[in-house]
Amino acid sequence: MRVSRICALICGFAALVAVLGAEGRADQAGLKQLLDGVTTIAAPGIPGNVCVFGDSAFPVVVGKSGADFEAVAAAGTLGRGRVFVLGHNGYLSAGCLAVADTGKLFVNAVRWAAGGAPPRVAVFRLDDLPAYLTKSGFEASAIDGVGWSSKLKSYNVLIYEATSTSEPADLAAIASFVRSGGGVITASTGWGWQQLNPGKSLSADHEGNRLFAPAGIVWGDGMLDRTAAEGFAAGQTPPDTINASQALSALEAHAAGTAPLAKEELAQVSQVVLQAARAIPETDPLLMPRLRRLMEQHAAEAVPSEAKPVTLAQPLARLALTLQLQELAKLPPEKIRAHPAAANFPGAVPADAPRVTRTLDIDTAVPDWHSTGLYAAPGEVIEVDAGAAAGKGLALRIGAHSDSLWHLDSWRRAPVICTEQAISRPKSRFANAFGGPMYVVVPANCKLGVVKLTVTGAVEAPYFILGKTDPTQWRRDIRNLPGPWAELQGSRVIITVPSANVRGLDDPVSLMEFWDHYLDSCAELAVRPIERERQERYVTDMQISAGYMHSGYPVMTFLDVAPLVVDWKKLMAQGSWGHFHEMGHNHQSSDWTFDGTVEVTVNLFSVYGMEKVCGIFQGGHPAIVPEERARHTKAYFAAGPDFKKWCSDPFLALFMYLQLKEAFGWDAYKRVFAVYRALPDAERPKSDDGKRDQWMVRFSRVSGRNLGPFFQTWGVPTSEKARASIADLPVWMPEDFPPK
0 MRVSRICALI CGFAALVAVL GAEGRADQAG LKQLLDGVTT IAAPGIPGNV
50 CVFGDSAFPV VVGKSGADFE AVAAAGTLGR GRVFVLGHNG YLSAGCLAVA
100 DTGKLFVNAV RWAAGGAPPR VAVFRLDDLP AYLTKSGFEA SAIDGVGWSS
150 KLKSYNVLIY EATSTSEPAD LAAIASFVRS GGGVITASTG WGWQQLNPGK
200 SLSADHEGNR LFAPAGIVWG DGMLDRTAAE GFAAGQTPPD TINASQALSA
250 LEAHAAGTAP LAKEELAQVS QVVLQAARAI PETDPLLMPR LRRLMEQHAA
300 EAVPSEAKPV TLAQPLARLA LTLQLQELAK LPPEKIRAHP AAANFPGAVP
350 ADAPRVTRTL DIDTAVPDWH STGLYAAPGE VIEVDAGAAA GKGLALRIGA
400 HSDSLWHLDS WRRAPVICTE QAISRPKSRF ANAFGGPMYV VVPANCKLGV
450 VKLTVTGAVE APYFILGKTD PTQWRRDIRN LPGPWAELQG SRVIITVPSA
500 NVRGLDDPVS LMEFWDHYLD SCAELAVRPI ERERQERYVT DMQISAGYMH
550 SGYPVMTFLD VAPLVVDWKK LMAQGSWGHF HEMGHNHQSS DWTFDGTVEV
600 TVNLFSVYGM EKVCGIFQGG HPAIVPEERA RHTKAYFAAG PDFKKWCSDP
650 FLALFMYLQL KEAFGWDAYK RVFAVYRALP DAERPKSDDG KRDQWMVRFS
700 RVSGRNLGPF FQTWGVPTSE KARASIADLP VWMPEDFPPK
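For the sequence shown, numbering that gives the first Met the number 0 assigns the number 0 to the initial residue and increments by one for each residue that follows.
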């Protein structure tokens with residue numbers, strides 16, 4: 000991060016302190032002790048946020064969440080004891096403590112946690128910490144092993160990772176230890192825990208949140224950006240409204256018109272409250288009663304739609320919707336009712352649509368989502384009879400629209416509308432307040448073979464399977480089935496669109512052959528097997544989490560492209576650069592993609608697909624037609640080659656790759672990619688410098704030409720050693736290049 004950027008972040012934080020106030024509930028003496036001699040701390044990995052909401056809890060160090068600030072370190076009291084909490088497990092390692100002033104903060108925290116007494120520190124399952132603490136002048140011991148928590152009475156400080164034990168006896172012992180006057184230093188990565196525990200929630204299932212919520216501190220699921228080159232700037236007193244209780248008071252005053260907030264202030268306090276609301280246990284007596292009252296008062300406003308999104312200007316409506324979703328996640332299926340926003344998206348099911356019973360054959364050799372052609376109506380109970388397959392790792396997913404929208408300023412649909420729950424009993428019941436397409440989710444390496452599941456209570460939806468569905472039956476009946484979302488399944492890819500987009504689809508065979516052909520072209524170029532472990536997916540959505548489209552499983556797009564994605568004649572005539580591009584990301588390799596080329600090498604798959612599938616050469620996107628290429632390239636060289644400019648302009652950088660394709664053919668690319676795929680791990684590039692060097696050298700060897708001068712002409716840095724290694728090859732340069 001550049002110095003100017005760091006200064007801007009610190010100045011922005013200082014301005015926020017000035018606006019919102021730093022004095023108040025924070026323990027100023029405790030904060031001073033913790034931050035003594037601390038100006039910067041590390042950022043191991045991607046730290047998560049710590050939500051502060053108790054009267055005696057206070058933020059210690061903050062990071063950035065988009066434009067907002069959230070705590071990455073916080074402290075508070077619980078009973079007669081003290082708790083110091085960090086937002087990443089990595090803070091509990093000696094290596095991290097050696098960065099900047101992180102060790103100083105940690106030493107301060109040990110003394111603070113001991114409450115003025117000489118620290119006697121117990122360390123649980125953190126191998127390198129006892130030696131570090133001993134070297135720092137503390138009495139410290141590892142207390143791993145059976146019955147470890149019974150030894151706490153001999154210590155006054157405990158250091159452990161917040162989810163390293165789930166044993167009730169251990170958790171009870173830790174709680175008693177703190178309440179009786181002990182100090183705890185602990186850490187967790189909330190967002191990481193959430194990813195590793197699908198179907199569980201931070202508010203109900205995270206051991207640390209259950210334990211330390213009474214202190215007014217929990218871990219959230221956000222990710223924090225650095226505010227300093229080495230991690231996070233410290234030393235500034237965080238604004239009191241990073242405490243969610245204070246932030247909620249500010250929101251209420253804003254809504255009442257007694258203390259209006261500027262847009263950036265409103266965004267800040269809203270972010271703090273929303274994050275806390277999603278992580279605080281429902282039994283919390285400190286903040287949850289206030290939140291529930293607000294949810295009831297503003298429920299009618301919490302119905303997002305395309306025409307009337309719920310925006311930052313309606314913070315209490317956003318809060319009400321957040322709490323509604325939290326409560327829905329905890330309800331048993333029988334108590335779930337359709338959410339009012341479900342009719343807006345993903346859509347209502349016709350009242351007269353028959354509810355059916357269907358038996359599904361699920362091949363568990365294929366992982367991830369298995370489409371069923373069935374749709375769960377909003378708020379209606381679905382029963383799944385899994386027989387002997389119950390409790391074996393299978394899950395039922397309701398909803399294809401997997402993007403989470405919590406971080407967006409405007410919600411056109413609810414931020415989360417999908418559910419995924421384990422099929423844990425021979426007869427399991429499920430419901431989703433928003434409804435959605437139904438999937439059986441198979442874990443990786445499942446060995447159950449083909450299992451039969453019987454689903455009762457679902458609605459049939461349009462579902463075409465290439466090679467299995469009779470096209471005549473599709474045109475006559477299937478495309479008109481009542482489910483509001485349809486799926487089209489090829490051998491390589493599955494497409495999810497509103498059913499309205501397939502009612503007039505007469506030739507699904509040609510359509511899915513087109514998409515399979517494109518997926519095969521991606522595999523061909525990447526030198527990956529044509530046969531896939533499972534299909535890729537495209538899903539259209541009213542609102543997605545980032546960009547106009549984004550890659551992943553599934554690839555997500557907006558609804559406006561749904562008509563194109565099912566029009567194979569139009570696709571053949573013009574292709575779809577965006578769809579090709581995002582699927583290209585799923586085939587890209589970091590080995591041959593260095594910094595500045597993530598949005599460049601991906602377009603090799605776009606160009607290849609245009610040529611091989613659509614027969615479109617030297618086109619497919621307005622930026623790469625010959626005239627535009629010539630103009631753009633000439634302007635670049637007229638100004639003088641500049642690698643930063645090259646990196647910041649994806650189409651300009653692509654021209655360099657296209658020159659190689661035009662000179663040596665796609666076969667050269669395939670041969671180079673094959674070399675990379677065969678590399679042992681020890682030979683794979685470990686840095687951007689190594690990636691650029693290897694790309695130049697490996698392409699030179701495959702093409703039989705010295706590309707060193709070509710890279711230098713474009714301004715792409717390579718090492719002298721790498722250029723010397725290909726000096727035995729004849730130099731190659733495109734004709735009349737660089738342009739005059």
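Glycine residues also receive a C-beta, built at the ideal position from the N, C-alpha and C atoms.
Annotation: the continuous alpha helix (DSSP H) that includes Trp-514 extends over 507-525. Apart from the 5 residues on each side of it in sequence, Gly-36 sits with its Cβ closer than 6 Å to the Cβ of Lys-103 in its chain, given in chain order. Apart from sequence neighbours up to five positions away, the residues of its chain that approach Arg-424 with a beta-carbon distance below 6 Å are Ala-389, ordered along the chain. For the pair Phe-429 and Leu-395, the CB atoms are nearer than the 9 Å cut-off. Contact between Glu-581 and His-549 holds: their C-beta atoms lie close to 6 Å from each other, under 8 Å.
Assignment of His-549 by DSSP, reduced to helix, strand and coil, places it in the strand class. Under the three-state reduction of DSSP output, Val-501 falls in the coil class, being neither helix nor strand. In this structure Asp-590 does not touch Tyr-656 by the C-beta definition: roughly 15 Å separates them, more than the 8 Å allowed. Note on geometry: alpha-carbon atoms of Phe-105 and Glu-69 lie some 20 Å from one another. Residue pairing for Ala-73: DSSP places it in a beta bridge opposite Pro-58 and Val-84.
Looking at the DSSP output, Tyr-537 shares a beta bridge with Ile-494 and Val-554. Separation of Ala-652 and Ile-623 (C-alpha to C-alpha, rounded to the nearest whole angstrom) is 11 Å. Per DSSP, His-253 lies in no beta strand (DSSP E) segment; the continuous alpha helix (DSSP H) that holds it begins and ends at 243-255. Sequence-distant Cβ neighbours of Ala-629 in its own chain, meaning closer than 8 Å and more than five residues away, are Pro-738. C-alpha of His-205 to C-alpha of Glu-138: approximately 30 Å in a straight line. Runs of the alpha helix (DSSP H) spanning 4 or more residues and lying entirely within the segment 78-151 occur at 93-96, 101-112 and 128-134, in chain order.
Val-730 sits away from Gly-714, with the two beta carbons spaced by 9 Å or more. When rounded, the separation of the alpha-carbon atoms in Gly-503 and Leu-510 is 13 Å. Taking Ala-364 as the centre and dropping the five residues before and after it, the same chain places no C-beta closer than 7 Å to its C-beta. DSSP lists Gly-230 as the beta-bridge partner residues of Ala-41. Phe-429 is bridged by DSSP to Ile-381. The criterion of a C-beta distance shorter than 9 Å is satisfied by Phe-463 and Pro-507.
Judged by their CB atoms, Arg-411 and Ser-269 are not nearer to each other than the 9 Å cut-off. For Gln-488, the uninterrupted beta strand (DSSP E) segment begins and ends at 484-488. Sequence-distant Cβ neighbours of Thr-455 in its own chain, meaning closer than 6 Å and more than five residues away, are Thr-356 and Glu-382. Look at Phe-68 here: in three-state DSSP terms it is strand. Put simply, the backbone Cα of Asn-500 is about 32 Å away from that of Asp-384.
A direct Cα-to-Cα measurement between Val-156 and Gln-245 gives close to 30 Å. Bridge partners of Asp-283 according to DSSP: none are assigned.
When DSSP states are grouped into helix, strand and coil, Cys-445 belongs to the coil group.
Within a 10 Å sphere around the beta-carbon of Arg-354 sit fewer than 16 other beta-carbons, which makes this residue exposed. Met-222: member of the beta strand (DSSP E) spanning 216-222, first to last residue.
Here Lys-134 is exposed: its Cβ has fewer than 16 other Cβ atoms, across all protein chains shown, within 10 Å.
When C-alpha distances from Ala-72 are compared across Lys-446, Arg-81, Ala-28 and Gly-47, the shortest belongs to Gly-47.
In the DSSP secondary-structure assignment, Pro-436 is bridged to Tyr-374. When rounded, the separation of the alpha-carbon atoms in Met-222 and Arg-124 is 25 Å.
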